[in-house]
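Read the structure below first, then the notes.
Residue numbers (this note's numbering): 46 to 629.
Shown next, in the form of structure tokens:
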């Protein structure tokens, strides 16, 4: 009878395990370096970029840091991101020209926090993988996981958008990791209490996370093995969650005179399903959807001039808190409108999963092919329900109201992570398909190269380019206002696009009245600006007087008609902006 050299075999396995551990560490370090190397130049490339939501968050930050609680309380935008921006402004004290770059540096730090949260999620997922002897080495999963995180974070939540979605991503990753930890048997009170606290942080970052928080809590109960036995711990997590959310909910409910955890859902439903006038200047249009209690004030018709100097003091008050100006709107279920919206959402999902993620789909099919027996693959997929449940819940929730890729970005990662982890757990069976055992590793490396190389080239190319013409023009307008004696806090009028009038934040002035041109998505017709330029001299003089009476020191227009004589209008440097100084 032949003897088996157990000592030699054990020694060989120990050496192999040590080699795999070293490779795993190297892969982790390499991809951390790639994440930082791509994230930092991306933040640098868009350092002067801004969006309308970002202006509102910066105004909120100012209000919180000054203790102006009445202004700071906002039913449209959640407070956490503004707290972070306000703290950064206090610590750094940037000048007007450095505030936007500081915001993007803060976004880069949040991105690093999301990376740390995702690494925690990956570690918990690795420990939760189950006993599948045929699965590839762990470093293969790390390659796929890091590739998913980097690609989704920098493509679906680009740094150009100053928004709290990267904070939400960090919270989703940590919350999902805690769910996996609970399933592994670490289901003590401390873990559940921490889950409740993390979910409350998600709500403070973005209101829709309040609803998704209950999905996570329910999943935590089922993950523990017995929902009946876990009920006290789920109740503890729920109590911590609601207690941490309560101060903001109570404050919002008191300000609205009814229960409210945030108004963004109601407003988006009214805008996108009920077809109520979107974003600004709703005057009650739309039969059966209520009447505005305090809308922006239309003070002239043909051209339409809107005034909104009070009661909100912000860079652009109509977008600082739309829920105030839309108070009185009554969203109602509309089957036809809902069907129309779902149809338009299908195109967005097509863009997310087909146009931009076709490589992921192709790789998933390849790994499913390697996985071999469908029954065992389905069993491995079913084990990932803890990831699919919150992901599919988020997909459904946003599809019913309003969907943007950045809203669902972390849930897209959860969805793909569940698919790839299940496929990789069975992909060691590739030999049954006549393919070498290293096929899963080759597929993972190919995925990383195909997704990250073009992304790297794009980011590095943008990082060496000069700031855009638009960013330079915005800064020049702000400097011109300061040089002509317009002080911080003074009122200005706008003929054009106030949504993108970021110069107003740079100059620290307030837009108090406007003749609007198209808004962020072109909802406001441009006819009113054209009517002003083509009106008689008498009408134009009357409108200018109305701007002055509304509190504007100066009017800024983003362009003049080619044949307009331009008396009193002066071009601002080499930009396409013009100003008109008003008499008191």
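All C-beta atoms, glycine included, are put in the ideal place defined by N, C-alpha and C.
- Non-local C-beta neighbours of residue 229 in its own chain, meaning closer than 8 Å and more than five positions away in sequence, comprise 169, 172 and 173, ordered along the chain.
- Residue range 450–471 is occupied by the alpha helix (DSSP H) that includes residue 452.
- With a minimum length of 4 residues, the unbroken runs of alpha helix (DSSP H) contained wholly in the segment 148–233 fall at 183–200 and 210–228.
- According to DSSP, residue pairing for residue 615 in a beta bridge involves 624.
- For residue 470, the closest of 429, 508, 506 and 439 by C-alpha to C-alpha distance is 429.
- Contact between the segment 607–615 and the segment 500–513 is absent: fewer than 3 CB-CB pairs across the two stretches fall below 8 Å.
- Ranked by Cα distance from residue 146, the first of 266, 91, 181 and 106 is 91.
- Counting only the Cα atoms, residue 431 lies some 55 Å from residue 595.
- For residue 138, there is no enclosing alpha helix (DSSP H), as DSSP marks it with neither H nor E.
- In the DSSP assignment, residue 351 forms a beta bridge with 343 and 559.
- Here residue 590 is exposed: its Cβ has fewer than 16 other Cβ atoms, across all protein chains shown, within 10 Å.
- Cβ-Cβ separation between residue 266 and residue 285: approximately 14 Å, too far for a contact (criterion under 8 Å).
- In the DSSP assignment, residue 600 falls within the unbroken beta strand (DSSP E) covering 597–602.
- Residue 204 and residue 149 have their C-alpha atoms some 7 Å from each other.
- Per DSSP, reduced to three states, the secondary structure at residue 494 is helical.
- Residue 96 has its alpha-carbon roughly 7 Å from the corresponding atom of residue 545.
- Taking C-beta atoms as the reference points, residue 425 and residue 489 fail to come closer than 8 Å.
- For residue 540, the enclosing beta strand (DSSP E) begins and ends at 536–541.
- Bridge partners of residue 335 according to DSSP: 374.
- Around the beta carbon of residue 446, 16 or more other beta carbons sit within 10 angstroms, so the residue counts as buried.
- For residue 122, no alpha helix (DSSP H) segment is defined, and its DSSP state is neither H nor E.
- By the criterion of a C-beta distance shorter than 8 Å, residue 527 is surrounded in its chain by 552, once the five residues flanking it on both sides are discounted.
- For residue 606, the closest C-alpha among the options 87, 209 and 621 is that of 621.
- For residue 430, the enclosing alpha helix (DSSP H) covers residues 430–446.
- Short of 6 Å from the beta carbon of residue 255, and not among the five residues preceding or following it, lie these beta carbons of its own chain, in chain order: 248 and 306.
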